[in-house]
Ligand SMILES: Nc1ncnc2c1ncn2[C@@H]1O[C@H](COP(=O)(O)OP(=O)(O)O)[C@@H](O)[C@H]1O
Ligand SMILES: [Mg+2]
C-alpha cells in the first residue's frame, strides 16, 4: 500500500503540516528531539488507533492545545482508504476515530485499513524483556491482520477485568456463582485468541528463521519462535474452563487470574537454546529485527500487498552488512526511515529526504547523498 498523505494538526511538536511522501524510501533526518519519531507515531496512530510509545493519548496533543488530530490516506489495490484520529485533552471526551470520512464507533473498525510495522531500537525488548512485550507484538500484528482478533481481545480483557474484580471481594456463594459465569465467558473469548496466536506464531517462526539466517550470515544458527500457552490441548475453551475452575482458590489468594492468554508468551530459541536467557546483544538485535521483518512478511502475504514500514533510528544500530541486507529486504515497500546522521544511509538510495527542525519539515535534495 502507498501512503499518499499524512496530516498532523496540533500533534506533538507540529502545529499543522501535511506530508505527501513518494513511493519507496523516504528518509526523515534531524537532530535528537527534532520531531522525527513524532511523525512515525502519527502514522501508527492512524493504523492502530493508539501510539506505539505511550498509553496516555493526551500526551500526543500539542502542548497548549485542547485537541489534536492526525489523518492519513493510503492507496491500496482496492482503492483509497482514509483513516484519522482526533484526541482531546479533557478526560470527559474519548478519542474519535474516522474511517473514510465517517466516525468509527469502535477502534476496531479503524484497523486493517492502513497497516504498518514499526521498527525501533526498543525492539530489543522482544528478546530481553518480559512476556508482555512479546504479547503486544502479537496483538498489534494480529489486530491488523484480522479486526475480529482485536474485538475478541477487547471482550477477553473486559471479562478478565470483571473476574479479577470479583476475586477481590470477600468469598460468598453469590461471588462463586458469578465467577461461574465469568469463567465461561473468559474461556469462550480466550479460545480464538489462543488459536490465532498459535497458528500465526508457527508461520512467523519460519519467516523469522529465514531472515535471521540471511541477516546474521550464519545459516547454522536456527531461530525458532513458539507460542507458549497452557491452553493448547485438547481444545482451548475446554482447557481454559477446566484450569480456571481448578485454580480458582489460588486466584482468590493472589487476587488475580493466573491462567489465560494474558499470561502466555513466545519462546525464542537459537538452535534450541533459549534466547531470553542466553542471547548476546548482537544475536538479540538480529532476532528482534527478524521478528519484525516476519511481521512484515505475514501482513504482506495475508493482505496481498505490503504494509507501511516505519523504521525509527534502526540503521545506526546495524553494521554495514546488516544494514544492506535490511534495505534489500524492504525494497518494494514504502518506508519512512528516520536517522540523525545521513551517512548511515549508505546504500539506501532514498527517493526523498526530509529534514525536520523546529516543528517544520522541509525537503532536501538527494543529490548530496
Ligand atoms: N505534546 C507535545 N507538545 C509539544 N511538543 C512535544 C509534545 N510531545 C513531544 N514534543 C516535542 O517533540 C520532540 C521530540 O520529538 P521526537 O519525534 O521524539 O524526536 P526525535 O527527532 O528525536 O525522534 C521534543 O522536542 C518534545 O519537546
Ligand atoms: Mg526519535
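Numbering (this note's numbering), first residue to last: 89 to 457.
Glycine residues also receive a C-beta, built at the ideal position from the N, C-alpha and C atoms.
Remember, predicted model here, so these are calculated numbers, not experimental data.
query                                                                                                                                     : result
C-beta contact flag for residue 314 and residue 281 at 8 angstroms                                                                        : no
For residue 169, three-class secondary structure by DSSP                                                                                  : strand
Touching by the beta-carbon criterion (3+ pairs, under 8 angstroms), the segment 379-391 and the segment 226-233                          : yes
Enclosing alpha helix (DSSP H) for residue 124 [first to last residue]                                                                    : 124-136
6 angstroms Cβ shell around residue 140 - same chain, five flanking residues per side excluded                                            : 132 and 206
Given 8 angstroms, three or more beta-carbon pairs between the segment 399-410 and the segment 336-352                                    : no
Assigned secondary structure, residue 277 (DSSP; H/G/I helix, E/B strand, else coil)                                                      : helix
Burial state of residue 188, where buried means 16 or more other Cβ atoms lie within 10 Å                                                 : exposed
Proximity below 8 angstroms, CB of residue 110 to CB of residue 440                                                                       : yes
Closest by C-alpha distance to residue 164, when choosing among 91, 371, 348 and 362                                                      : 91
Beta-carbon spacing of residue 309, residue 359 below 8 angstroms                                                                         : yes
Same chain only: Cβ atoms within 6 angstroms of residue 332, ignoring 5 sequence neighbours per side                                      : 271
Assigned exposure category for residue 168 - 16 Cβ within 10 Å defines buried                                                             : exposed
C-beta contact flag for residue 425 and residue 89 at 8 angstroms                                                                         : no
Option in 335, 284, 93 and 302 with minimal Cα separation from residue 255                                                                : 335
Pair within 8 angstroms by beta-carbon distance, residue 316 and residue 352                                                              : yes
Helix, strand or coil at residue 319 according to DSSP, with G and I counted as helix                                                     : coil
For residue 190, the nearest candidate out of 172, 297, 446 and 226 (CA to CA)                                                            : 172
Nearest residue (CA-CA) to residue 323, options 275, 452, 253 and 151                                                                     : 275
Sequence ranges, beta strand (DSSP E) only - wholly within the segment 294-381, length at least 3                                         : 311-316 and 353-358
For residue 151, three-class secondary structure by DSSP                                                                                  : coil
Residues bridged to residue 104 [DSSP beta-bridge criterion]                                                                              : 97
Chain-order list of residues whose beta-carbon lies under 6 angstroms from that of residue 266 (same chain, five-residue window excluded) : 254
Burial state of residue 98 (16 or more Cβ within 10 Å)                                                                                    : buried
Extent of the continuous alpha helix (DSSP H) to which residue 242 belongs                                                                : 235-255
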